[in-house]
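Here is the structure we will look at, set down as structure tokens.
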Amino acid sequence: MLRIENLVCHSDGKSLLDIEGLQLKGGETLAVLGPNGAGKSTLLRAVSGDCGYDGEVLVHGRNRRHWRSNYLARHLGVLPQASVLTFPFLAHEVVSLGAIPLKLSQRCMRAEIRRVMELCDCDHLSERHFPSLSGGEKQRVQLARVLLQLSQAEESPLLLLDEPTSAQDLGHQHHMLRLTNQLAREGYGVISILHDLNHTLHYCKRCIVLENGRVRYQGQPDDVLVPEHIGEIWNYRPAYGWLQDDRLVLA
């Protein structure tokens, strides 16, 4: 689904990102980890085309630069870390913006808007003005918009999430991550920037750890998130324990 080769990003002569190779298959959930300034958001911006880069970003085997913008929009969606939308749209009107690259009748669009808002647990916010919502509510409405945008993908969609749990309360953090796993089971490829290592352990199949713009570690979370690696990257040594279902937990 996604293949990155020799991806390099610069700003003002400084290297922000230098990734030799990275792949993601449909049905996978990949966590992008690392300290502040490691290049996590730059990676998502490069894949989505929001910043310049050298190298290759291939989506379904084709250079993303060669995809028609309308077609790419139906296959690649981005949930930004924060919303800058200030117009007094109703929440369902914000979600409807995801239908711009689609061909839907008004009846189908209304049904799809309801469906994705229910998935994101924001259907009860439908008639609220978007600027009046909390940060977490805005985040869920924006995710519903992205899911509507990807709802007619002919091939497995790629979903990029920049800190999707950052504004969520505890219950909605887990709701969002369970939803990403559900989408992966439906064939989506999901890349999430996360800071909570327990979320990575419990919800992601694979992870990469960035440091100074380079991949320092990658693999299955149980193999990557060991005391030595965490100490090296975050200068912190967590305590380890196990839940009743034998899942590892860090404290």
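Residue numbers for the sequence shown follow UniProt numbering, beginning at 1 and rising by one. For each residue, glycine too, the CB sits at the ideal point set by N, CA and C.
Based on the DSSP output, what are the partners of residue i in its beta bridges?
i: Leu160; result: Val78 and Ile191
i: Tyr217; result: Val209
i: Cys9; result: Leu17
i: Leu33; result: Val209
i: Arg62; result: Val59
i: Gln23; result: Arg3
i: Asp54; result: Val8
i: Val249; result: Gly241
Taking the straight line between their C-alpha atoms, what separation do you get for residue i and residue j?
i: Glu232; j: Pro238; result: 12 Å
i: Phe130; j: Gln182; result: 26 Å
i: Ala153; j: Ala99; result: 12 Å
i: Arg64; j: Leu58; result: 6 Å
i: Ala82; j: Ser134; result: 11 Å
i: Asp123; j: Arg110; result: 12 Å
i: Cys204; j: Glu5; result: 23 Å
i: Tyr217; j: Gly61; result: 25 Å
i: Gln106; j: Arg128; result: 21 Å
i: Leu143; j: Asp245; result: 30 Å
i: Tyr240; j: Leu97; result: 44 Å
i: Ala167; j: Lys138; result: 9 Å
i: Asp121; j: Leu33; result: 26 Å
i: Glu186; j: Gln220; result: 21 Å
i: Gly13; j: Gly213; result: 14 Å
i: Pro35; j: Cys108; result: 43 Å
i: Arg68; j: Pro227; result: 45 Å
i: Thr180; j: Gln149; result: 16 Å
i: Ile230; j: Leu102; result: 43 Å
i: Asn70; j: His202; result: 35 Å
i: Ala251; j: Asp222; result: 15 Å
i: Cys155; j: Ser15; result: The question names Cys, but residue 155 in the sequence shown is Glu. Rounded to the nearest angstrom, the two C-alpha atoms are 33 Å apart.
i: Leu72; j: Leu119; result: 23 Å
i: Leu104; j: Arg74; result: 13 Å
Quick one: what's got a C-beta closer than 8 Å to residue i's C-beta in the same chain, skipping five residues either side?
i: His199; result: Ala31, Thr165, Gln173 and Leu177
i: Trp242; result: Leu248 and Val249
i: Val146; result: Gly77, Val78, Leu79, Gly98 and Leu159
i: Ser41; result: Gln81, Asp162 and Ile193
As a quick exercise: from the options, pick the residue whose alpha carbon is nearest that of residue i.
i: Asp54; options: Gln139, Gly241, Arg107 and Val8; result: Val8
i: Ile113; options: Pro101, Val94 and Lys205; result: Val94
i: Ala91; options: Glu20, Met117 and Ser69; result: Met117
i: Arg115; options: Val141, Glu5, Lys103 and Leu160; result: Val141
i: Leu22; options: Asp223, Ile208 and Ile230; result: Ile208
i: His66; options: Gly49, Val78 and Leu79; result: Gly49
i: Trp234; options: Glu211, Asp162 and Asp222; result: Glu211
i: Pro170; options: Gly136, Ser156 and Asp246; result: Reading off the sequence, residue 170 comes out as Leu, not Pro. It is Gly136.
i: Asp196; options: Arg185, Leu225 and Leu125; result: Leu225
i: Leu76; options: Arg214, Ser151 and Ser41; result: Ser151
i: Pro157; options: Gly27, Lys103, Cys51 and Leu194; result: Gly27
i: Ser11; options: Asp222, Pro88, Thr86 and Cys51; result: Cys51
i: Glu20; options: Asp223, Pro88, Ala251 and Val215; result: Val215
i: Leu44; options: Leu194, Ala251 and Asp223; result: Leu194
i: Phe87; options: Ser132, Ser41 and Thr29; result: Ser132
i: Phe89; options: Leu72, Leu125 and Ser41; result: Leu125
Which same chain residues end up closer than 7 Å to residue i when comparing Cβ atoms and leaving out the 5 residues on each side of it in sequence?
i: Lys25; result: Met1 and Gly189
i: Ala46; result: Leu7, Cys9, Leu17, Tyr53 and Val57
i: His175; result: Asp121
i: Leu85; result: Val94 and Phe130
Quick one: residues in its chain with C-beta nearer than 6 Å to the C-beta of residue i, no 5 flanking neighbours on either side, listed in chain order?
i: Ala38; result: Leu210 and Glu211
i: Leu161; result: Leu79 and Ser192
i: Arg3; result: Gln23 and Leu58
Quick check: is any heavy atom of the ligand MG less than 7 Å from the C-beta of residue i?
i: Asn181; result: As far as ligands go, the structure on display features none, and thus does not contain the ligand MG.
message = As an exercise, report each continuous alpha helix (DSSP H) stretch of at least 4 residues that is fully enclosed by the segment 71–158, in chain order.
response = 91–96, 106–119 and 135–149
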